[in-house]
Amino acid sequence: MSAPSSTGLMGSVRRLLAHGLELLQTRVELLVVEVEEERNRLLHLLALGLAGICFLAIGLAFLAAFLTVLLWDSHRLLALGVFSGLFLALAGGLLWLVVNQAGSASRPFSASLSELSRDRAALEPRE
């Protein structure tokens, strides 16, 4: 008898496993790319946000100091009280936004999950 050929049942199983592994590798590579893109996007947003916050804080501090010095002779306590209240109200509003947005985060890796569910649907037996 001759050696088993690659066209028999074992050859078909090997090809099926090879295609399955290739499909799995493609999906994992897609997931890795999505993770890298999301990480880069978040780092970029974090850097821009921190720079903007720093410049905003410096600008508001200088504006508050300028207006307080401008009103020093007549209403210095009123100016300090208004600016303190304004800064505290802004801080409270921003913290409220952070809490709300953290609770409503989008679903990560939606493209990978969508591809995997389409793959699973394609592999399910048809009746």
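When you number the sequence shown by the numbering used here, it's gap-free, plus one each residue, and the end is 181.
Don't be surprised by glycine CBs; every beta carbon is placed ideally from N, CA and C.
Since the structure is predicted, the reported quantities are computational estimates derived from the model, not experimental observations.
When you compare the CB positions of Ala111 and Leu121, do they come within less than 8 Å of one another, or not?
Against the sequence shown, residue 111 aligns to sequence position 57. Against the sequence shown, residue 121 aligns to sequence position 67. Against a cut-off of 8 Å, the Cβ pair of Leu121 and Ala111 comes out as no contact.
Just confirm the distance between the C-beta atoms of Ser166 and Glu88, as a whole number of angstroms; I'd bet it's less than 8 Å.
In the sequence shown, residue 166 corresponds to position 112, counting from 1. In the sequence shown, residue 88 corresponds to position 34, counting from 1. Confirmed, about 6 Å.
Can you tell me which of the three DSSP states Ser128 falls into?
Mapped onto the sequence shown, residue 128 falls at position 74. If DSSP states are grouped into helix, strand and coil, Ser128 belongs with the helices.
Report the option in Glu90, Leu85, Gly113 whose CA atom is closest to the CA atom of Glu169.
Sequence index remark: in the sequence shown, residue 169 carries index 115 (1-based). The residue with the shortest Cα to Cα distance from Glu169 is Leu85.
Out of Leu78, Leu149, Gly139, Leu131, which has the shortest C-alpha to C-alpha gap to Ser171?
For the purposes of this step, residue 171 is taken as the residue at position 117 of the sequence shown. The shortest C-alpha separation from Ser171 is found at Leu78.
Helix, strand or coil: how does DSSP classify Gly62 here?
Your numbering for residue 62 matches position 8 in the sequence shown. Here Gly62 sits in coil by DSSP.
Which of helix, strand or coil does DSSP assign to Ser158?
On the sequence shown, position 104 is the one that residue 158 refers to. Ser158: coil per DSSP, three-state reduction.
Is Phe17 near Ala156, with beta carbons less than 8 Å apart?
As shown, the chain starts at 55 and ends at 181. That puts residue 17 outside it, with no answer to give.
Thinking C-alpha only, which one of Leu151, Arg69, Arg81, Val67 is nearest Arg174?
Numbered from its first residue, the sequence shown carries residue 174 at position 120. Among Leu151, Arg69, Arg81, Val67, the Cα nearest to that of Arg174 is on Arg81.
Using the C-alpha atoms, what's the distance from Leu96 back to Phe141?
Counting from 1 along the sequence shown, the entry for residue 141 is found at position 87. Counting from 1 along the sequence shown, the entry for residue 96 is found at position 42. When rounded, the distance between both Cα atoms is 27 Å.
What does the alpha-carbon distance come out to for the pair His129 and Gly135?
Sequence index remark: in the sequence shown, residue 129 carries index 75 (1-based). Sequence index remark: in the sequence shown, residue 135 carries index 81 (1-based). The straight-line gap from Cα to Cα measures roughly 10 Å.
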